[in-house]
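**Q** Read in order, the letters of the sequence shown are residues -19 to -1, 1 to 388 in mature numbering (1 follows the signal peptide of the UniProt record, and there is no 0).
Here it is: the structure, laid out below.
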Amino acid sequence: MKAQAVLSFFFTLIPSLCGSQASFSHVSMNEQIVTGRLGEDVILPCSFESGPNVVIHWKNQDTNVYSYYKDSDQLENQDPRYVNRISLFRGEIHNGNASLSFRRLTLQDEGIYVCYVGTSLGKITKKVVLKVGAFVTPVMKYEKNTTNSFLICSVLSVFPYPIITWKVDNNTFISENNGKEVGSLGTFHINSRVNITGSNSSYQCAIENPLLKQTWTGRWTMKDVLHKMQSENVLLLCKPENSLFPANQDFTVTWSRVESGSSLLLAYFKNSSQETLINQPRLSWKEELINSRDFSLTVKDLRLSDSGEYLCNISSNKSTLLTTQTLHVEASPRAPAGIIVLVLVAIISAVLLLSVAPRAVRSQRCIDFHKERHPPTNQNSSSAGTAEENVALSDCLPNTENEDRSL
């Protein structure tokens, strides 16, 4: 009340003190809207025609926000919620700047603020409407349980309540399943859920804060199922859309294995620092693909346990792109049991035939020798026989030397 009385007295006194200059006194009420973000700083503008004996008062309805006169701050009656959070630009007051600097905005700071300024030349009144918004970057999640799959667009803190729209193959519909909570700061926490079980359509979720003129977009697509054989390699596809992720925008890429009720992080890439993390030795990213903004992941030496769903998540502060790909790993083909038995029998038979054949040949030579041999015509004839007969005879005789060695 004291500050208000001083201001009223000062405004009344100025014309009588200034004589003929009193005709230049005027009062104006200009309204300006200022939008700030929760937790950030903002400036409420107020300018005036510079002159001596400056008196400045800022008020919010009947609440004293800030006072300045006699060339110094007068804060005895300042409302406690503004203490140490607001100030004038002291070095600019003589230049006609009475703007108010606001720090660490809260939702309770919203309202209509009035700037009163008086000098020896006149007085002005200006109105500033302060609006406070909040918009923490939303996220898009893909989740599944034993029977269903879901897409969830979630925003942790937003104010005022946003506009949420879903599109399926570019056809717009409004989600009926929006979970809403009010946080301790007065902002909203929202989860918007859509059941996509068995769907191969593309989905898009948009969350708009009209006050801050900010919109976030999330998209989800399902790639064709991949069928691979055990021990083969596979390339899981993932590439951002240029319209969602401009070249100069920071973003992160994560690959995960999606299972019922959980997910396992496989690989991570951060665009701003070029940081790369791969959690398994059978996974790899090709550097030349990353340089061309292609984040397809190679899985080597496939196993039957690698079958399942894989999710690529590319996210920035303006959008998220989810790509799901299902992989089926099949066992390598095996020969039927009957064929295996026949092959084994053939191998054994061949081995036996190779071992028996020399003896059969030798026996045949003995038989041929005895058929062709004739008894001697007289007793004086040589009993040594021809060289050929001696060779044939040696084949028919037991190999005593080898047999002795074997014994």
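Cβ atoms here follow ideal geometry from the backbone N, Cα and C, with glycine treated the same way.
So Glu268 is in the alpha helix (DSSP H); what residue range does that whole segment cover?
**A** The sequence position of residue 268 within the sequence shown is 287, counting from 1. 268 to 272 is the span of the alpha helix (DSSP H), which, as asked, contains Glu268.
**Q** Grab me the residues of Ser4's own chain with a C-beta within less than 8 Å of its C-beta, minus the 5 sequence neighbours each way, in chain order.
**A** As a working mapping, residue 4 is identified with position 23 in the sequence shown. Per-residue confidence for Ser4 stands at a pLDDT of 27, beneath the threshold of 50, marking its modelled position as unreliable; no derived number is given.
**Q** From the DSSP secondary-structure annotation, give me the bridge partner or partners of Lys204.
**A** Locating residue 204 in the sequence shown gives position 223, where the first residue counts as 1. Paired residue(s): none; Lys204 is not in a bridge.
**Q** Please work out which residues of its chain come closer than 6 Å, Cβ to Cβ, to Arg84, disregarding the five sequence neighbours upstream and downstream, and give them in chain order.
**A** Along the sequence shown, read from residue 1 onward, the residue named residue 84 stands at position 103. Asp22, Arg66, listed in sequence order.
**Q** Grab the span of the beta strand (DSSP E) containing Tyr184 for me, first residue to last.
**A** The residue given as residue 184 occupies position 203 in the sequence shown. Tyr184 -> beta strand (DSSP E) spans 184 to 190.
**Q** Who are the Cβ neighbours of Phe154 in its own chain at under 7 Å, not counting the five residues just before and after it?
**A** On the sequence shown, residue 154 is found 173 positions in, with the first residue counted as 1. Cβ neighbours of Phe154 beyond the five flanking positions: Trp147.
**Q** Looking at C-beta atoms only, is the number of pairs between the segment 162 to 181 and the segment 265 to 280 that lie closer than 8 Å three or more?
**A** The answer is no - the segment 265 to 280 does not touch the segment 162 to 181, with fewer than three Cβ pairs under 8 Å.
**Q** Would Leu111 and Arg18 be called neighbours here (beta carbons separated by less than 9 Å)?
**A** The residue labelled residue 111 in the question sits at position 130 within the sequence shown. The residue labelled residue 18 in the question sits at position 37 within the sequence shown. Result no, Cβ atoms of Leu111 and Arg18 do not sit closer than 9 Å.
**Q** Taking buried to mean at least 16 other C-beta atoms within 10 Å of its own C-beta, is Arg200 buried or exposed?
**A** The residue labelled residue 200 in the question sits at position 219 within the sequence shown. Buried.
**Q** Going by Cα to Cα distance, which pick from Ile144, Asp60, Leu56, Leu308 is closest to Ser216?
**A** The residue you call residue 216 lines up with position 235 of the sequence shown. Per the sequence shown, residue 216 should be read as Leu rather than Ser. Nearest C-alpha to Leu216: Leu308.
**Q** When we look at the beta-carbon of Ile144 and count the other beta-carbons within 10 Å, is it buried (16 or more) or exposed?
**A** In the sequence shown, residue 144 corresponds to position 163, counting from 1. Classification of Ile144: exposed, given that the 10 Å Cβ count is below 16.
**Q** Identify whether Ser300 lies in helix, strand or coil by the three-state DSSP scheme.
**A** Start at 1 with the first residue of the sequence shown, and residue 300 comes out as number 319. Correct three-state label for Ser300: strand.
**Q** What first and last residue would you give for the beta strand (DSSP E) that runs through Glu240?
**A** Here the question's residue 240 lines up with position 259 in the sequence shown. Residues 233 to 240.
**Q** At the level of alpha carbons, what is the spacing between Ser237 and Met121?
**A** Here residue 237 refers to the residue found at position 256 when the sequence shown is read from its first residue. Here residue 121 refers to the residue found at position 140 when the sequence shown is read from its first residue. So the alpha carbons of these two residues sit roughly 14 Å apart.
**Q** Where does the unbroken beta strand (DSSP E) through Thr100 begin, and where does it stop?
**A** One-based indexing of the sequence shown puts residue 100 at position 119. Residues 92 to 100.
**Q** Between Glu91, Gln13, Gly179, which lies nearest to Asn126 when the distance is taken from Cα to Cα?
**A** Position 145 of the sequence shown, counting from 1, holds the residue named residue 126. It is Gly179.
**Q** Which value, in whole angstroms, describes the spacing of the CA atoms of Leu292 and Ser182?
**A** Taking the first residue of the sequence shown as position 1, residue 292 is located at position 311. Taking the first residue of the sequence shown as position 1, residue 182 is located at position 201. Rounded to the nearest angstrom, the two C-alpha atoms are 16 Å apart.
**Q** With distances taken Cα to Cα, identify the nearest neighbour of Asn252 among Val239, Leu302, Thr196, Ala228.
**A** Residue 252 sits at position 271 when you count from the first residue of the sequence shown. When only C-alpha atoms are compared, the closest one is Ala228.
**Q** Quick one: give me the first and last residue of the beta strand (DSSP E) that Leu25 is part of.
**A** Taking the sequence shown and counting its residues from 1, one reaches residue 25 at position 44. Its beta strand (DSSP E) spans residues 23 to 25.
**Q** Mind checking whether Pro119 and Thr301 have CB atoms under 9 Å apart?
**A** The residue given as residue 119 occupies position 138 in the sequence shown. The residue given as residue 301 occupies position 320 in the sequence shown. Cβ atoms of Pro119 and Thr301: closer than 9 Å.
**Q** Output the distance between the C-alpha atoms of Gln195 and Gly114, rounded to the nearest integer angstrom.
**A** By one-based count along the sequence shown, residue 195 stands at place 214. By one-based count along the sequence shown, residue 114 stands at place 133. Approximately 10 Å, taken between the alpha carbons.
**Q** For the beta strand (DSSP E) containing Ile74, list its first residue and its last residue.
**A** In the sequence shown, the residue the question calls residue 74 occupies position 93. No beta strand (DSSP E) holds Ile74; DSSP gives it neither H nor E.
**Q** Tell me where the beta strand (DSSP E) around Leu216 begins and ends.
**A** Translated into the one-based positions of the sequence shown, residue 216 becomes position 235. 215 to 217 is the extent of the beta strand (DSSP E) around Leu216.
**Q** Answer with buried or exposed for Phe140, where buried requires no fewer than 16 other C-beta atoms within 10 angstroms of its C-beta.
**A** Translated into the one-based positions of the sequence shown, residue 140 becomes position 159. Counting Cβ neighbours within 10 Å, Phe140 comes out buried, since at least 16 surround it.
**Q** Should Val326 go down as buried or exposed, given a rule of 16 or more other Cβ atoms within 10 Å for buried?
**A** Translated into positions along the sequence shown, residue 326 becomes position 345. Exposed, because fewer than 16 other Cβ atoms sit within 10 Å of the Cβ of Val326.
**Q** Compute the beta-carbon to beta-carbon distance between Gly77 and Ser28, rounded to the nearest angstrom, for a pair I have assumed lies under 8 Å.
**A** What you label residue 77 is simply residue 96 of the sequence shown in a count that begins at 1. What you label residue 28 is simply residue 47 of the sequence shown in a count that begins at 1. At roughly 5 Å, the Cβ-Cβ gap stays under 8 Å, so Gly77 and Ser28 are in contact.
**Q** Mapping the DSSP letters down to three states, classify Asp287 as helix, strand or coil.
**A** What you label residue 287 is simply residue 306 of the sequence shown in a count that begins at 1. Helix.
**Q** Could you tell me which residues DSSP pairs with Asp54 in its beta bridges?
**A** In the sequence shown, the residue the question calls residue 54 occupies position 73. Asp54 is bridged to Tyr49.
**Q** Between Tyr97 and Gly20, what straight-line distance do the alpha-carbon atoms span, to the nearest angstrom?
**A** Position 116 of the sequence shown, counted from the start, is the residue given in the question as residue 97. Position 39 of the sequence shown, counted from the start, is the residue given in the question as residue 20. One C-alpha to the other measures close to 27 Å.
**Q** Just to confirm before moving on: does the CB-CB distance between Thr235 and Ala248 stay below 9 Å?
**A** As a position in the sequence shown, residue 235 is number 254, starting the count at 1. As a position in the sequence shown, residue 248 is number 267, starting the count at 1. Cβ distance < 9 Å, so Thr235 and Ala248 count as in contact.
**Q** What does the alpha-carbon distance come out to for the pair Leu323 and Ile295?
**A** If you number the sequence shown from 1, residue 323 lands on position 342. If you number the sequence shown from 1, residue 295 lands on position 314. When rounded, the distance between both Cα atoms is 55 Å.
**Q** Would Lys104 pass as a contact of Glu12 if the rule is Cβ separation under 9 Å?
**A** Here residue 104 refers to the residue found at position 123 when the sequence shown is read from its first residue. Here residue 12 refers to the residue found at position 31 when the sequence shown is read from its first residue. Not a contact, by the Cβ cut-off of 9 Å.
**Q** Select from Cys219, Gln230, Thr279, Lys40 the residue whose C-alpha is nearest the C-alpha of Glu213.
**A** Taking the sequence shown and counting its residues from 1, one reaches residue 213 at position 232. Ranking the options by Cα distance to Glu213, first place goes to Thr279.
**Q** Just grab the DSSP bridge partners of Ala248 for me.
**A** On the sequence shown, residue 248 is found 267 positions in, with the first residue counted as 1. DSSP output for Ala248 lists Trp236, Ile259 as bridge partner(s).
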